[in-house]
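For reference, the structure is listed below as structure tokens.
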Amino acid sequence: MPIYLTFGVILVKTGAELSIGEKIKQVREAMGVKQNYLADEIAYTNGRLSQIENGDDSGVPPDFIFAVKAALKIESAPFNSIERQSFKDKLSLCKSLIDERNLSKANKLISELSVITYLPFDQELNAYFDMVKCRLLLAESKLESIKTILSKYDTQTDAFDNDILYQYYFTKGTYFLRTGDKEDAFQSFKKAKSVMQGSFKENISLHYAIAYCLSELGYIVSAIMFLEKDYDLYSENQGIVSQFEVNNLLGHQYARLRYFEGAKLYLGKALKYITSIDDRQRTGMALHNHGFLYRQTGDWGTAIEYLNQALPYIDENSALYLENLYLMARCYIGMGSNTKHNDLLNKGSGLSKDSANYTILFKSLSHLATISKRESKEYIVEVTIPHLLKKHEVIPALDYCYALKTQYERKGIGTVSRALTIERIVNELLEKMQKGGVV
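Read in my numbering, the sequence shown has 159 at position 159, and its numbers run on one by one without any break.
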């Protein structure tokens, strides 16, 4: 039975219980069409149309609905089971077009399918349509529009069937990831998992999304355990991109833990997979993560080589480009190369004016380079570390904590309490990273 929700129209029956006339009345009213206008268009008296709309459809010919749809210019509106299935098939096609990044065709199809919004009685198809539309808006980075659509459903989840619930929670989780709300994204994906049909084999995107959230929240061991438990899900029949994603994410987690054999194994596989196809952004990501790996080993020179190789592949307007510049500047600070890191800090600061996060991060690096100064230590303590903890950025937070710890240990007795505070933060971060079984 189609679900029953109320969006601006108070229904007393579900779509399955309404007569054809009652459905037409709802469509007509949703479109703002007067009853007498429609009656004229289909050559019916106003009285007879009123009877039909109130449930008396005896003697109505089979072609009546087609005449009404033509008069209202909604010929593609799905009224019967065959039309509804065709509509669902078109929604599936639209999803495929979005996944293939054929957004022009997807937009054209969404425009055609928007006729469903004139059928308030079919809330099932309206919900499916909205979830696919959100998917398109995500691809176009139109986040405010997504927020508006999802808010319609926030108080209506009890009326959803599990299939729509899954799409709602998955879409909401993806939206929260894009807005940087990592914890909310994680909770939404967990709810999607609780209602998903079948296993992760049929929902591999959700599996990866949960692992990615674990990683982003700093639960590194849990992310590794979750991915390795179902590593075979990402087999060759899932495609090269899928295999790249899982190996890239696993390798990055091992590099964060400084387990370098595992990191080199998985990151090597990821780079091999993605260089076999023409995918510049992901190639840049793979090279960047190799740079991060060697930064973790302390091999600054090799790290910079990989990060330099990554730059031409990465979109200059992306967060990854800023992250790559940040990591390069951090490596030059590690090497003691003031000129190089200053050039990168200036470039990064200029490009990150619209990013509050990277504005803080590049300013933090400039203070890291002069950490022996009191004002630099104060900025890192009062701004950098709280910001990184709020963002769940465990590795950069540890980096600054260790740098402060070294400074405090050199200063001696007067800084014992500060050193102990930093030690507590370090221990909490390490405990979080090594916590297993979060999911």
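Glycine is no exception: its CB is placed at the ideal position from the N, C-alpha and C atoms.
Separation of residue j from residue i, as counted between CA atoms
{"i": "N248", "j": "L322", "result": "19 angstroms"}
{"i": "T339", "j": "S349", "result": "15 angstroms"}
{"i": "D354", "j": "S318", "result": "12 angstroms"}
{"i": "L398", "j": "V426", "result": "6 angstroms"}
{"i": "P396", "j": "F121", "result": "52 angstroms"}
{"i": "L62", "j": "I210", "result": "The sequence given here places Pro at residue 62; Leu does not occur at that position. If I take the Cα positions, the gap works out to 50 angstroms."}
{"i": "K201", "j": "K193", "result": "12 angstroms"}
{"i": "Y208", "j": "L227", "result": "8 angstroms"}
{"i": "H367", "j": "K373", "result": "8 angstroms"}
{"i": "I277", "j": "L287", "result": "15 angstroms"}
{"i": "T275", "j": "K229", "result": "26 angstroms"}
{"i": "S364", "j": "D161", "result": "48 angstroms"}
{"i": "F244", "j": "I204", "result": "14 angstroms"}
{"i": "V416", "j": "D130", "result": "57 angstroms"}
{"i": "C331", "j": "W300", "result": "5 angstroms"}
C-beta contact flag for residue i and residue j at 9 angstroms
{"i": "Y168", "j": "I146", "result": "no"}
{"i": "P312", "j": "G284", "result": "yes"}
{"i": "I110", "j": "K73", "result": "no"}
{"i": "E22", "j": "G59", "result": "no"}
{"i": "L113", "j": "R84", "result": "no"}
{"i": "E140", "j": "K182", "result": "no"}
{"i": "K95", "j": "R135", "result": "yes"}
{"i": "V246", "j": "R282", "result": "no"}
{"i": "I385", "j": "Q407", "result": "no"}
{"i": "S222", "j": "G32", "result": "no"}
{"i": "R256", "j": "M433", "result": "yes"}
{"i": "G291", "j": "L307", "result": "yes"}
{"i": "A329", "j": "L345", "result": "yes"}
Sequence-distant residues of its chain with Cβ nearer than 6 angstroms to residue i (five each side left out)
{"i": "I360", "result": "H387"}
{"i": "I422", "result": "C401, L404, K405"}
{"i": "S76", "result": "V115"}
{"i": "L91", "result": "Y128, V132"}
{"i": "R101", "result": "none"}
{"i": "Y231", "result": "none"}
{"i": "Y358", "result": "L322, S352"}
Simplified DSSP assignment, three categories, for residue i
{"i": "Q167", "result": "helix"}
{"i": "F87", "result": "helix"}
{"i": "K13", "result": "Its pLDDT being 46, under 50, K13 is placed unreliably by the model, and nothing is read from it."}
{"i": "E316", "result": "coil"}
{"i": "A30", "result": "helix"}
{"i": "Y294", "result": "helix"}
{"i": "L325", "result": "helix"}
{"i": "S215", "result": "helix"}
{"i": "P78", "result": "coil"}
{"i": "V60", "result": "coil"}
{"i": "F200", "result": "coil"}
{"i": "I371", "result": "coil"}
{"i": "K432", "result": "helix"}
{"i": "S151", "result": "helix"}
{"i": "L18", "result": "coil"}
{"i": "K178", "result": "Contrary to the premise, residue 178 reads as Arg rather than Lys in this sequence. R178: helix per DSSP, three-state reduction."}
Own chain residues within Cβ distance below 8 angstroms of residue i, not counting five before or after
{"i": "L143", "result": "L137, Y175, R178, T179"}
{"i": "Y219", "result": "K432, M433, K435, V438"}
Residues of its chain near residue i, where Cβ-Cβ distance is below 7 angstroms and the 5 sequence neighbours each way are ignored
{"i": "S50", "result": "Q35"}
{"i": "I42", "result": "A67, V68, A71"}
{"i": "N263", "result": "In the sequence as presented, Asn is not what sits at residue 263; that position holds Ala. G251, Y254, A255, L293, listed in sequence order."}
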